[in-house]
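K.L.:
In terms of the working numbering, the sequence shown opens at residue 3 and continues consecutively.
For each residue, glycine too, the CB sits at the ideal point set by N, CA and C.
Just so you know, these numbers come straight off a predicted model, no measurement behind them.
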Amino acid sequence: MSGAALGLEIVFVFFLALFLLHRYGDFKKQHRLVIIATLLAWYLCFLIVFILPLDVSTTIYNRCKLAVNSSPAESNGSYVTLAPSKQKCFKPWSYIPDGIMPIFWRVVYWTSQFLTWILLPFMQSYARSGGFSITGKIKTALIENAIYYGTYLLIFGAFLIYVAVNPNFNLQWNQLQTIGIAAANTWGLFLLVLLLGYGLVEIPRSHWNGAKRGYLLMKTYFKAAKLMTEKADAEENLEDIMEEVRKVSESIKYNHPLRKCVDTILKKCPTEYQERMGRNMDDYEDFDERQNSYPSEKSLAKLHKQVIYSVQRHRRTQVQWQILLEQAFYLEDVAKNESSATRQFVHTFHSQEPENKIIQYFYTPTVEWYWECLLRPWFYRVLAVVLATFSVIVVWSECTFFSTKPVLSLFAVFIQLAEKTYNYIYIEMACFLTIFFLSICVYSTVFRIRVFNYYYLASHHQTDAYSLLFSGMLFCRLTPPLCLNFLGLTHMDATISHKNTQPTAYTSIMGSMRVLSFVADGFYIYYPMLVVILCIATYFSLGTRCLNLLGFQQFMGDSEMTSDLIDEGKELIRREKRKRQRQEEGENRRREWKERYGNRDDSTRSRAVHTDQKESSFSETNANRPLSKYTRSNGRTERDRIELLQDAEPLDFNADSVNDDPLESDSGR
Numbered sequence: 003m004s005g006a007a008l009g010l011e012i013v014f015v016f017f018l019a020l021f022l023l024h025r026y027g028d029f030k031k032q033h034r035l036v037i038i039a040t041l042l043a044w045y046l047c048f049l050i051v052f053i054l055p056l057d058v059s060t061t062i063y064n065r066c067k068l069a070v071n072s073s074p075a076e077s078n079g080s081y082v083t084l085a086p087s088k089q090k091c092f093k094p095w096s097y098i099p100d101g102i103m104p105i106f107w108r109v110v111y112w113t114s115q116f117l118t119w120i121l122l123p124f125m126q127s128y129a130r131s132g133g134f135s136i137t138g139k140i141k142t143a144l145i146e147n148a149i150y151y152g153t154y155l156l157i158f159g160a161f162l163i164y165v166a167v168n169p170n171f172n173l174q175w176n177q178l179q180t181i182g183i184a185a186a187n188t189w190g191l192f193l194l195v196l197l198l199g200y201g202l203v204e205i206p207r208s209h210w211n212g213a214k215r216g217y218l219l220m221k222t223y224f225k226a227a228k229l230m231t232e233k234a235d236a237e238e239n240l241e242d243i244m245e246e247v248r249k250v251s252e253s254i255k256y257n258h259p260l261r262k263c264v265d266t267i268l269k270k271c272p273t274e275y276q277e278r279m280g281r282n283m284d285d286y287e288d289f290d291e292r293q294n295s296y297p298s299e300k301s302l303a304k305l306h307k308q309v310i311y312s313v314q315r316h317r318r319t320q321v322q323w324q325i326l327l328e329q330a331f332y333l334e335d336v337a338k339n340e341s342s343a344t345r346q347f348v349h350t351f352h353s354q355e356p357e358n359k360i361i362q363y364f365y366t367p368t369v370e371w372y373w374e375c376l377l378r379p380w381f382y383r384v385l386a387v388v389l390a391t392f393s394v395i396v397v398w399s400e401c402t403f404f405s406t407k408p409v410l411s412l413f414a415v416f417i418q419l420a421e422k423t424y425n426y427i428y429i430e431m432a433c434f435l436t437i438f439f440l441s442i443c444v445y446s447t448v449f450r451i452r453v454f455n456y457y458y459l460a461s462h463h464q465t466d467a468y469s470l471l472f473s474g475m476l477f478c479r480l481t482p483p484l485c486l487n488f489l490g491l492t493h494m495d496a497t498i499s500h501k502n503t504q505p506t507a508y509t510s511i512m513g514s515m516r517v518l519s520f521v522a523d524g525f526y527i528y529y530p531m532l533v534v535i536l537c538i539a540t541y542f543s544l545g546t547r548c549l550n551l552l553g554f555q556q557f558m559g560d561s562e563m564t565s566d567l568i569d570e571g572k573e574l575i576r577r578e579k580r581k582r583q584r585q586e587e588g589e590n591r592r593r594e595w596k597e598r599y600g601n602r603d604d605s606t607r608s609r610a611v612h613t614d615q616k617e618s619s620f621s622e623t624n625a626n627r628p629l630s631k632y633t634r635s636n637g638r639t640e641r642d643r644i645e646l647l648q649d650a651e652p653l654d655f656n657a658d659s660v661n662d663d664p665l666e667s668d669s670g671r
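Okay, here's the thing in structure tokens:
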């Protein structure tokens, strides 16, 4: 089993990162380098989280061996026996041989740092560039990152000059490396506490609110109103950009040197706009630079960038609108089925995607009713209580982990109790649950936050390349300080425990923070206490209230604007529901008509042809009759035929001015 656990977790984490990236990214449309770079960043960060518990258990075993070897001892199989006390150091099942973990951590850490500080920022600018060639995109990316890279080089150069001039400093290369790591971890810890304070409160609260059907439905109506506004804005923006593309396409003829750039822009446009504009190849007029003013290549690159952004945003809002509709319809079905006497879940609309037969066999309507209407709310409440308990333990430990005598950090108490009995399974499970919960609180906040339209992780393959790369940067910068904070909470870091014991392999790669005493003894210890203030601010929704005052509508139960948006969203969902019902009714009528009259034999067809000839002769003989009689006698039959064969798409109108129900309008007339 030596090293087998490490290999299994490496493979498992790779498929986990691949699954998440497939959910948010689009492997078919996005550039391969973007997919590979983002996958590598996510994979390395998740790998650190999963492998660190194995490093802790291996370190505890190595400490036991050192303690045994310091006294007269004798070896016995897979453990070492201490002669005086008969103490046994059992080798853990996931033991990793010496020399593997330091190399592993060194490769993983420096690769992630290269990604987050050099490669990913460059690829962000490359992905957002509107250039038409690889050279042009690289040039644009270098120009945009010149200030970014120049700032770091200036700071590093000033520090080196200060160290060289000051005779009191005699730093070696390892110490300079430690200072660089400490600077990166300080920046990451600053952002880590902000995200952690939000996640520790919001994750338990979101699960508790998930048990409230009325709350979820009202929030869905609120999201529908906001998304409709964003969807309309995206459509209007796309129309404006497509109008500019049309003008450029008409002005630049087929034999213009910049026509290739225009064709590249047209390929990025939606299909319906491409068909509308065409390739402008039907006219063979030569261009004349003296008579017309043509756009430059720089302006075309800017237009290309706008087209990519507007098309991505329009596609994302369309997909999100359909997903939100399905969610709203399902929540309304849950609210209706709660009072069902048959205790069988009935859907208003059938699922558009084919369901798995195995799931259909086990997840019957009765099972679905018991889960959705009875068990799921209680499950969410219990889960919320468990998560809230974990949050309280984390907050307490963050405020007391610096105390070693007595040990006040609960995570350190749990690990030390297990260390006395050398229960490695318990140690690894406790470490994994602790760091996994911390990672969920931090990473889920990264997936939830949205910085206008520049950074937004949208599921169902709707995340753009810029947001994917930016998320990879955040993960690589947040994960190392997250792991150091975890080691401090469990007192596995010698800087916190103040013990002269063997450090973990991960801590040895980071180096001793004693080089910067104000960071090791000050910032790393007292700054995490701010998580208490952030948790209180999140609990009372201070950030949400501030955003609401600034004009960014947020879901707040006691706000008049929220109530108006809920009513607006409810009306939008009702219209879409009636529209889909009419579509399904029309499809059912056409299906019934096809099943009843679709398969005719040849005699029936000849009879229909003979009938048409008789009707045509009858119309000729009665052409001089009054039209009112013909209309009166055949008007109802014709109307029934049209209603049966056609499914007229209703126009979108306001419910305040005209009634939505066509039956009620007919009865009114």
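Leaving out five residues on either side along the sequence, give the residues of the same chain with a beta carbon under 6 Å from the beta carbon of Arg318.
P.N.:
In its chain, beyond the 5 residues on either side, Ala460 and Gln464 have a beta carbon closer than 6 Å to the beta carbon of Arg318.
K.L.:
Determine contact between the segment 495–515 and the segment 94–104, defined as no fewer than three beta-carbon pairs at a distance below 8 Å.
P.N.:
yes
K.L.:
Drop a sphere of 10 angstroms on the beta-carbon of Lys572, count the other beta-carbons inside from all chains shown, and report buried for 16 or more, exposed for fewer.
P.N.:
Looking at its Cβ environment, which holds 16 or more other Cβ atoms inside 10 Å, Lys572 is buried.
K.L.:
How about Ser96 and Ser135: do their beta carbons lie closer than 8 Å?
P.N.:
With contacts defined as CB atoms closer than 8 Å, Ser96 and Ser135 fail to qualify as a contacting pair.
K.L.:
So, at 6 Å on beta carbons, what are the nonlocal neighbours of Val15 in its own chain, with the 5 sequence-adjacent residues on each side left out?
P.N.:
Excluding sequence positions up to five before and after Val15, its CB lies within less than 6 Å of the CB of Phe48, Leu49 and Phe52, all in the same chain and listed in chain order.
K.L.:
If you drop the 5 nearest sequence neighbours on each side, which residues of the same chain put their C-beta closer than 6 Å to that of Tyr365?
P.N.:
none
K.L.:
Could you tell me the distance, in whole angstroms, from the CA atom of Asp495 to the CA atom of Ile163?
P.N.:
32 Å
K.L.:
Assign Tyr296 to one of three DSSP states: helix, strand, or coil.
P.N.:
coil
K.L.:
Could you say if the segment 415–424 and the segment 439–449 meet the contact criterion of at least three C-beta pairs nearer than 8 Å?
P.N.:
no
K.L.:
Closest to Val533 by C-alpha separation, out of Val195, Leu35, Asn147 and Ala69, would be which residue?
P.N.:
Val195
K.L.:
Among Gln418, Lys270, Glu11 and Ser208, whose alpha-carbon lies nearest the alpha-carbon of Ser312?
P.N.:
Lys270
K.L.:
Output the residue ranges of the beta strand (DSSP E) runs that lie fully inside the segment 87–131 and measure 3 residues or longer, sorted by chain position.
P.N.:
Given a length threshold of 3 residues, each whole run of the beta strand (DSSP E) inside the segment 87–131 is given here in chain order: 90–92.
K.L.:
How long is the line joining the alpha carbons of Thr447 and Phe477, rounded to whole angstroms?
P.N.:
Straight-line Cα distance between these residues: approximately 11 Å.
K.L.:
Determine, using beta-carbon pairs with one atom in the segment 382–395 and one in the segment 209–218, whether at least three such pairs fall under 8 Å.
P.N.:
yes
K.L.:
Excluding five sequence neighbours on each side, which residues of the same chain lie with their C-beta closer than 8 Å to the C-beta of Ala432?
P.N.:
Phe413, Phe416, Ile417 and Ala420
K.L.:
Three or more C-beta pairs closer than 8 Å, one from the segment 223–242 and one from the segment 400–409: is that the case here?
P.N.:
The answer is no - the segment 400–409 does not touch the segment 223–242, with fewer than three Cβ pairs under 8 Å.
K.L.:
Near Glu370, what residues of its chain come up, given a Cβ to Cβ distance below 7 Å and the 5 sequence neighbours on each side ignored?
P.N.:
Listed in chain order, the non-local C-beta contacts of Glu370 below 7 Å within the same chain comprise Phe347, local neighbours out to five positions each way being set aside.
K.L.:
For Lys141 and Arg130, I'd like the C-alpha separation in whole angstroms.
P.N.:
12 Å
K.L.:
Could you tell me the alpha carbon to alpha carbon distance between Tyr456 and Tyr468, rounded to whole angstroms?
P.N.:
8 Å
K.L.:
Check Arg261 in the structure and name its three-state DSSP category.
P.N.:
helix
K.L.:
Looking only at its chain, what residues have a beta carbon closer than 7 Å to the beta carbon of Leu68, apart from the 5 residues adjacent to it on each side?
P.N.:
Gln504
K.L.:
Is the beta carbon of Lys18 less than 8 Å from the beta carbon of Leu117?
P.N.:
Residue identity differs from the one stated: residue 18 is Leu in this sequence, not Lys. No, these two residues do not count as a Cβ contact at 8 Å.
K.L.:
Write down every uninterrupted run of the alpha helix (DSSP H) in the segment 211–277 whose length is 4 residues or greater and which is fully enclosed by it, in chain order.
P.N.:
As far as the segment 211–277 is concerned, its whole alpha helix (DSSP H) runs of at least 4 residues are 215–253 and 261–270.
K.L.:
Quick check on Met431 - is its C-beta less than 8 Å from some C-beta in chain B?
P.N.:
Among the chains in the structure shown there is no chain B, since it carries only a single protein chain.
K.L.:
Quick one, are the C-beta atoms of Gly490 and Trp44 less than 8 Å apart?
P.N.:
With a cutoff of 8 Å on beta-carbon distance, Gly490 and Trp44 are scored as not near each other.
K.L.:
Would you kindly work out how many angstroms separate the C-alpha atoms of Thr497 and Thr61, rounded to a whole number?
P.N.:
16 Å
K.L.:
Kindly identify the DSSP beta-bridge partner or partners of Arg452.
P.N.:
Tyr458
K.L.:
Residues in the same chain with beta-carbon distance under 7 Å from Cys375, minus the five sequence neighbours each way, listed in chain order, please.
P.N.:
Taken in chain order, the residues that qualify are Val336, Asn339 and Glu340.
K.L.:
Less than 8 Å between the CB atoms is what I'm expecting for Phe331 and Thr350, so what's the real figure, rounded?
P.N.:
6 Å
K.L.:
Let me know if Tyr363 comes out buried or exposed under the rule of 16 or more other beta-carbons within 10 Å of its beta-carbon.
P.N.:
exposed
K.L.:
Run through DSSP, which three-state label would His500 get?
P.N.:
In the three-state reduction of the DSSP assignment, His500 falls in the coil class, being assigned neither a helical nor a strand state.
K.L.:
Short check: CB of Gln308 to CB of Ile254, under 8 Å?
P.N.:
no
K.L.:
Hey, Thr443 and Leu54 are a contact pair by Cβ (cut 8 Å); roughly how many whole angstroms apart?
P.N.:
Note on identity: in this sequence residue 443 is Cys, with Thr being the wrong assignment. That pair is no contact at about 16 Å.
K.L.:
Using alpha carbons as the reference points, say which of Ala184, Leu302 and Lys579 lies closest to Leu326.
P.N.:
Lys579
K.L.:
Based on Cα-Cα distance, which residue from Lys139, Gly132, Thr137 and Phe124 lies nearest to Ile149?
P.N.:
Phe124
K.L.:
If you measure between the beta carbons of Ala236 and Arg315, is that distance less than 8 Å?
P.N.:
yes
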